Each structure stands twice: as structure tokens, then as C-alpha cells.
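Notes follow once the structure below has been shown.
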Amino acid sequence: MGDFNSRTSRDPDFIDLEYDEFSGMLDIENTCINTLHNLCLPIQRKSMDVKKNNFGNYLLDFCKYNNMLIVNGRIGDNSGHFTCKNASVVDYNICSPCFLKLIENFSVLETNTLFSDIHNPLSLTVKAEVVENKVVVDEPSHEKIKDWESTKTADFIDNIDGEKVNEILTQLVNMVDNATINETTINTAVESISNLLTDAAKSTFGTYTQQKLNPNLQKYKKASKPWFDDDCKEARKTYKSSKRKLRRNRSQLQEAETKSLEKKYKRTMDKMAPWNITIKNVHTGVLQGKENQPLVLNCSVNSGIPKESIMWYKGSSLLGKGGPGNYALDIVPNRSDHEAICTCIVNSSALRIPLNQSIKLDIKYPPTINIDRIRGENSLRCNANGNPNSYTFYSWIHQSELGETIREINHTEVISFCPKDPTIRRYQCNGIYICRVENGVKDVSGNRTQSGKVLVRQKGQ
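Numbering follows UniProt numbering, in which position 287 of the sequence shown is assigned residue number 287; successive positions increment by one, without gaps.
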């Protein structure tokens, strides 16, 4: 039964063998026609479709060569109703003469968009004799062996009883030597091997007891598919209720309402939620970038129906919206974006709760320099603030206020700019002190080394 894409008009689907003096010699039986006669079914089937195509010829030949008959237009639906677009017959039920005896009714139903937009459903009623036999089955043991663990393979081998292995080998040798190989001895050997391995598995992996079901409880209701949510159930309930009303009162108004609810149910069923949200180029939830250099926030998802929207947020601020399927947002981060949380949110009418996934930005930037004078000491500290916070300090440069270089001092974070030395005058320590630092990240000008300076003026000589 199904769509054969074949238009057969009303042409015969059997070979009519006329009786003559040679029929008895060839022992040919006109099975199809005899069956139709015996069941009081029309030899010539009816069909509202009077056209035929090549596929129709193929189907008719198939029926003739294989002793098959077309049910359409012979049983139940005697008019041979259209099955496609109310214009052609391309959907058939074909069967053997033996099976034809079991068919009680056949009909072409009204178009239902839940199943097809153009094809009519086919309904077939078959007579079957139900024989109810009470089968008594021994209640199986509820002791179950736990699942196999590959890490315990060696233990499993050790737990196989060597003595029983030798007994089984002796049993098999005796079967061959004494020519007693038959169904009983083979079943006995197989059972011994099975018990041997089962005992080893119990000792190795352990067992558990399966809880018996209460026989007074009803059978478990078949679970719905994950996508068949409450919206689908409500749409189905409303549609079926309208169908029942239509059967009781077949009015144009009720028919229009049922068709409208049918389409709504189909649209609801067609929904498919997006899944598998992924942010690309992210490692352990962190996306790395550099200050003032383009960075891509790339979020993808397996698309659903209807199409979803994808949004990027930084904190609570919307950065952009795109989709479906993928949204790549270009940003140019600065140091204030370091450790910011960016979230990709996927929204769809097929989702009850939007999908979301967050990342943390790790933005590399060169250090800014701030120099502090340590109170009570003739010392300066170079404070660097960058990412990463691993710094290389170069020698400090001491300049006059006119910018002339006087000397270079230690490659350290803290320096003593005016040591306690009677040969050095205090005014000689005055001037501009420049600290130079790098952390491996270049600035917008391409410079790796960053600097900061401070003016020092001391009173006295």
C-alpha cells in the first residue's frame, strides 16, 4: 500500500486465459479471475482517473507477472476515488488473491495535511482470527549481573573455574569419541559453558536485584517524543475535539474550523527546537584576544524550525543580533574588556527556555606605567599594569630637566635614586627619572617597551 506514482486508468491488472483444449494440457489456473468470481467482486475495477502513464504500465505488468490484484475500485470504494489532488489515482493497495479473501473494506479518506498536502490517506480493514493462547512462562530470576568493565578483564579470567573447564573439555572429548553428538549432548555442553562464564562474571562484576513491578499497576504509558511538548499536546487535543464535533454535525462552519485547527496542529508539530549551541575558538570557557585588534565572537547552533535568532551580550548590554544557524560578531576590544563575560543567547518559538553559553574574555594589553616615591627613602617604585602581568624591567634613565641623559640605574622595579654618600650632593639627584617596562605585548604604534617618568626635586645642596 502506498504511492506508486502510477496512473493505470481502468486497464486490466490480470491475464485473462480463455479456456481451450490446450489449457488442461498446460495445467494453467486462472487464479486471479477465479478468486474475484468466488468473492463476488467485479472483474473490471472502477477508477475516476481515466488517464495512464508509463509507470502505470509498469505496475499493471508487475501485477500480471506476479499474480497480484489492485484493490482500489473493487472493494468498499467502488467508485475508484481520486487519491491525489482530487485529480488522479496514484496511491494503491495491491495484494495476492489469497490475501484478498481477508480484506473486509477499503476506502479513500479525505485529505489530511497532517499526513500529506496532496495525497489522500488509504484505509484498509482486514479480517483476522485471533487465537488467545495462555502461555505459562517460568518467572525469571530478578538477579542481574552488572555491566562489563574492561578494567576487570584480568580478574574475570582469574575467576573462571579451571576444574570446570577441564570437566567440560573431558565432556566434549567423550562426545566425539563415543559418537554421542546429538541435540541433547550439545545443549548440555552449551549450558555448562554458559554457567561457567556466568559464575565468573558474578564473582568479578557483582550482581544487583531488579525490582519486581506491581502486577496491579497499569502498564506504563508510552512516553512522548522529546519534541512533542505541551503545545503539541494542546493542539492535538483541540484538533481531535473539533474532528469529533464534525462527525456529529457536518456543517460548513464546523468543517472550516476543523481544517483551520488541523493546519495549526501541523504547524505546531513542524516546530523543532535548535540544539547544540557552540562558541568557536574557545578553550576552557576563555576567548583570548589583544587590545585594539579585531576579535570574532562566533556562536553556532544546529538550526531548528522555525529559524532561530542569535544574540551576543556583554554583561547586560546587547552587542548584536543575527542568525539563523551561526552569528559571527566582530569586535575591537580594549583593556576594559579584559575578564568581561560575553553570552550567546539563542531564541526560538520552539524553545521554552532560550539556549545560552557564556565565555570570559582574556585581552592582552601592554602595561601602563605609574611611578611612586617611597616615603622616608630616596627610592622610586615603577608600578606596571598590563596583561599578562609578567614584566621585564629595563635600566632606569636619569635625565636633567632639559632632557639630557645623566646616567642609567639598575634593571629593577625599585631604585634608590640618591644613595647616602657624602661625595654626592642632593641637587645632583634632581631631574627626570624614566622607568621602562615590557610584557611582550605591543601597543598601537608597534612598540613593545612602555615607559613612564617622574620629576624629582630635592631641597638643599
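Backbone N, C-alpha and C fix where the C-beta goes; we use that ideal spot for every residue, glycine too.
No experiment lies behind these values; they were computed from the predicted model shown.
- No Cβ-Cβ contact shorter than 8 Å links N292 with V346.
- Beta-bridge partners of Y313 (DSSP): L318 and T343.
- Judged by DSSP in its simplified three-state form, M175 adopts helix.
- Excluding five sequence positions before and after C95, the CB atoms of its chain that fall closer than 8 Å to its own CB belong to M68, L69, V71 and I103, given in chain order.
- Taking 8 Å as the cut-off, the beta carbon of A235 is found no closer than this to the beta carbon of I305.
- Below 8 Å, too few C-beta pairs join the region 395-415 and the region 354-364 to call them touching: fewer than three.
- DSSP places D158 outside any beta strand (DSSP E); the residue lies instead in the alpha helix (DSSP H), whose first and last residues are T153 to D158.
- Separation of G322 and K51 (C-alpha to C-alpha, rounded to the nearest whole angstrom) is 51 Å.
- Distance between Y265 and S348, taken at the CA atoms: about 18 Å.
- The Cβ atoms of P367 and Y394 do not sit closer than 8 Å to each other.
- Residue L402 holds the alpha-carbon nearest to the alpha-carbon of I432 among L402, N410 and F4.
- The C-alpha of N195 is placed about 17 Å away from the C-alpha of D147.
- Inter-residue distance for G289 and P388 is about 12 Å (C-alpha atoms, whole angstroms).
- Residue nearest to A201 within the set V286, D161, I145 and N178 is I145 (criterion: CA-CA distance).
- About 31 Å separates the CB atoms of G452 and I341; that is not less than 8 Å, and the two are not in contact.
- Looking at the DSSP output, C299 shares a beta bridge with I279 and Y327.
- Going by DSSP, C435 is part of no alpha helix (DSSP H) but of the beta strand (DSSP E) stretching over G431 to E438.
- Looking at the DSSP output, C232 bridges to nothing.
- Just so you know, the alpha carbons of L297 and I353 end up roughly 22 Å apart.
- Looking at the DSSP output, F14 sits in no beta bridge, so it has no partner there.
- DSSP, reduced to helix, strand and coil, places E183 within a helical segment of the structure shown.
- Secondary-structure assignment with DSSP links T207 through a beta bridge to I145.
- A straight line joining the alpha-carbon of T170 with that of N159 spans about 20 Å.
- Taking the Cα of V108 as reference, the smallest distance to any Cα among C98, P121 and S47 is reached at P121.
- In chain order, P367 and T368 place their CB closer than 6 Å to the CB of N385, counting only its own chain and leaving out the 5 sequence neighbours on each side.
- Exclusion of the five residues before and after T204 leaves K152, D155, F156 and N159 as the residues of its chain whose Cβ lies within less than 7 Å of its Cβ.
- DSSP, read as helix, strand or coil, puts C418 in coil.
- Taking C-beta atoms as the reference points, Y65 and F4 fail to come closer than 8 Å.
- Counted as a single uninterrupted DSSP element, the beta strand (DSSP E) harbouring E408 occupies residues T405 to I409.
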